[in-house]
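Chemist:
In my numbering, the protein residues as written are 48 to 464.
See the structure below:
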């Protein structure tokens with residue numbers, strides 16, 4: 048059966064490669080080379096960049112001899128700023144692997160190509176991907192990209208550290224989380240380590256507590272972000288922090304161990320993270336086994352955040368036909384399968400059943416993503432996220448109460464919405 052499946056993927060890859068090579072020849076013509084630039088934030092400390100540079104791009108260039116792909120890996124925290132700066136300076140690449148939350152902003156700035164108008168086969172490509180990730184590319188009547196990968200955050204932990212903390216299993220509820228955090232502290236360990244106060248970090252706790260960031264139409268935060276259920280979700284984390292049961296990397300503390308290192312050293316038991324964590328540990332922390340389960344459930348259930356990236360084309364690109372070919376290639380079953388092996392969840396409906404066969408850990412992500420929610424789809428999300436980071440940090444520092452911090456955040460976010 049395994050050989051049969053491999054044969055199918057090889058055949059699919061060959062078909063995609065042959066057809067793409069023919070199209071590539073039409074684009075470039077004889078003896079002409081087109082170079083396209085692809086900015087991305089694939090993790091440099093995991094296998095993602097290596098898979099892209101050593102496997103995918105060489106295969107694409109082999110089947111498209113007239114197209115050269117120049118990939119530029121940029122740390123995630125720097126990519127958004129680099130994009131905004133490039134917009135102002137007119138120095139954008141041909142393609143970007145954009146976080147799903149940036150697409151409305153970039154589209155609203157007028158720098159993205161509407162792919163539903165540019166690609167004659169857009170409907171065919173769109174029909175093969177999941178509707179949720181596809182929807183992250185929609186803005187004011189058009190689709191400005193296609194989904195490239197999807198993910199969520201789950202409760203990832205070290206079974207060895209869990210045992211060292213005197214615990215037999217990870218917490219399933221908020222109540223167990225609080226109890227287990229105290230138990231771990233008594234053993235000199237942190238049960239849970241979180242690395243910031245952005246929406247990506249704290250929204251799972253707000254939603255699982257039964258709260259929300261805004262109303263259902265994304266037009267108002269007051270009464271929702273600062274409502275009693277949202278406050279309770281953040282209050283639980285602040286209480287853990289004040290009790291010395293949460294390391295201060297949540298505030299960027301320089302004396303705390305980074306979360307991956309803390310888990311590999313047995314100092315931290317758990318964190319929330321995406322599927323790339325398993326690939327990173329397999330490559331960089333080979334002596335540390337990790338496992339995953341769903342986020343501890345609160346009154347609102349076990350609710351995580353939808354993540355992922357879209358591939359978008361810039362309007363300023365002078366190589367749109369070549370960029371379109373690389374986009375098609377990256378959404379091919381062969382390329383999606385290859386990146387799944389590097390920790391990227393596929394967006395192709397046809398490959399979902401293959402995910403767990405590629406890596407068993409994908410099963411917990413498929414379960415968690417069933418209840419996961421997206422961050423607010425608005426061009427103002429980066430500003431909203433900055434408000435969350437700044438105001439919620441004040442509650443952890445003790446400068447304001449959780450209620451005061453969320454009251455202030457809600458008022459500011461109302462203005463942005």
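Glycine included, each C-beta is placed from N, C-alpha and C at the ideal position.
1. Would you give the residue range spanned by the beta strand (DSSP E) that residue 204 belongs to?
2. To test your reading of the DSSP string, which unbroken alpha helix (DSSP H) runs of 4 or more residues are found completely within the segment 255-316?
3. Which whole runs of the alpha helix (DSSP H) in the segment 158-234 are 4 residues long or more, in chain order?
4. Tell me the rounded alpha-carbon separation between residue 359 and residue 348.
5. On the three-pair Cβ rule with 8 Å, is the segment 293-302 touching the segment 217-224?
6. In whole angstroms, what separates the C-alpha of residue 456 from that of residue 440?
7. From what residue to what residue does the beta strand (DSSP E) around residue 81 run?
8. Would residue 204 pass as a contact of residue 351 if the rule is Cβ separation under 7 Å?
9. From residue 353 to residue 408, what does the alpha carbon distance come to, in whole angstroms?
10. Within this structure, are the beta carbons of residue 228 and residue 315 separated by less than 7 Å?
11. Give the secondary structure of residue 156 by DSSP, where H, G and I count as helix, E and B as strand, and everything else as coil.
12. Please name the residue, chosen from 232, 309, 336, 172, that lies closest to residue 374 on a Cα-to-Cα basis.
13. Could you pull the start and end residues of the beta strand (DSSP E) that residue 353 belongs to?
14. In whole angstroms, what is the alpha-carbon distance linking residue 166 and residue 364?
15. For residue 127, which of 141, 137, 148, 109 has the nearest alpha-carbon?
16. Please name the residue in 461, 110, 442 whose C-alpha comes closest to that of residue 289.
17. DSSP state of residue 51, grouped into three classes?
18. How do the segment 129-136 and the segment 339-347 stand: do at least 3 beta-carbon pairs fall below 8 Å, yes or no?
19. With distances taken between CB atoms, is the gap from residue 115 to residue 80 smaller than 7 Å?
Modeler: Quick look at the numbers:
1. For this step, residue 204 is matched to residue 157 along the chain shown. Here the beta strand (DSSP E) through residue 204 covers 201-204.
2. Taking only runs of at least 4 residues, the alpha helix (DSSP H) segments lying wholly in the segment 255-316 are 275-289, 306-311.
3. DSSP runs (the alpha helix (DSSP H)) wholly in the segment 158-234: 162-165, 169-173, 178-182, 206-211, 221-233.
4. Translated into positions along the chain shown, residue 359 becomes position 312. Translated into positions along the chain shown, residue 348 becomes position 301. Using only the alpha carbons, I get a separation of about 34 Å.
5. Touching, no.
6. As a working note, residue 456 is residue 409 in the chain shown. As a working note, residue 440 is residue 393 in the chain shown. Straight-line Cα distance between these residues: approximately 11 Å.
7. In the chain shown, counting from the first residue as 1, residue 81 sits at position 34. Residue range 81-87 is occupied by the beta strand (DSSP E) that includes residue 81.
8. Numbered from 1 along the chain shown, position 157 holds the residue referred to as residue 204. Numbered from 1 along the chain shown, position 304 holds the residue referred to as residue 351. No; because the gap between Cβ atoms is not below 7 Å, this pair is not in contact.
9. The count along the chain shown starts at 1 and reaches residue 353 at position 306. The count along the chain shown starts at 1 and reaches residue 408 at position 361. Going from the Cα of residue 353 to the Cα of residue 408 covers about 17 Å.
10. As a working note, residue 228 is residue 181 in the chain shown. As a working note, residue 315 is residue 268 in the chain shown. Going by C-beta atoms, residue 228 is not nearer than 7 Å to residue 315.
11. The count along the chain shown starts at 1 and reaches residue 156 at position 109. Three-state result, residue 156: coil.
12. Your numbering for residue 374 matches position 327 in the chain shown. Here the closest residue by C-alpha is 172.
13. Against the chain shown, residue 353 aligns to sequence position 306. Looking at the DSSP string, the run of the beta strand (DSSP E) that includes residue 353 is 353-360.
14. Along the chain shown, one-based indexing puts residue 166 at 119. Along the chain shown, one-based indexing puts residue 364 at 317. Rounded to the nearest whole angstrom, the CA to CA distance from residue 166 to residue 364 is 14 Å.
15. Sequence index remark: in the chain shown, residue 127 carries index 80 (1-based). Selected option, being the one with the closest Cα: 148.
16. In the chain shown, residue 289 corresponds to position 242, counting from 1. Measuring from the Cα of residue 289, the nearest candidate turns out to be 442.
17. What you label residue 51 is simply residue 4 of the chain shown in a count that begins at 1. Only weak support is given to the placement of residue 51: the predicted model assigns it a pLDDT of 40, under 50, and the value that follows is read from those uncertain coordinates. Annotated three-state conformation of residue 51 is helix, per DSSP.
18. Fewer than three pairs of CB atoms, one per stretch, sit closer than 8 Å, so the segment 129-136 makes no contact with the segment 339-347.
19. Reading the chain shown from its first residue, position 68 is the one you call residue 115. Reading the chain shown from its first residue, position 33 is the one you call residue 80. Yes.
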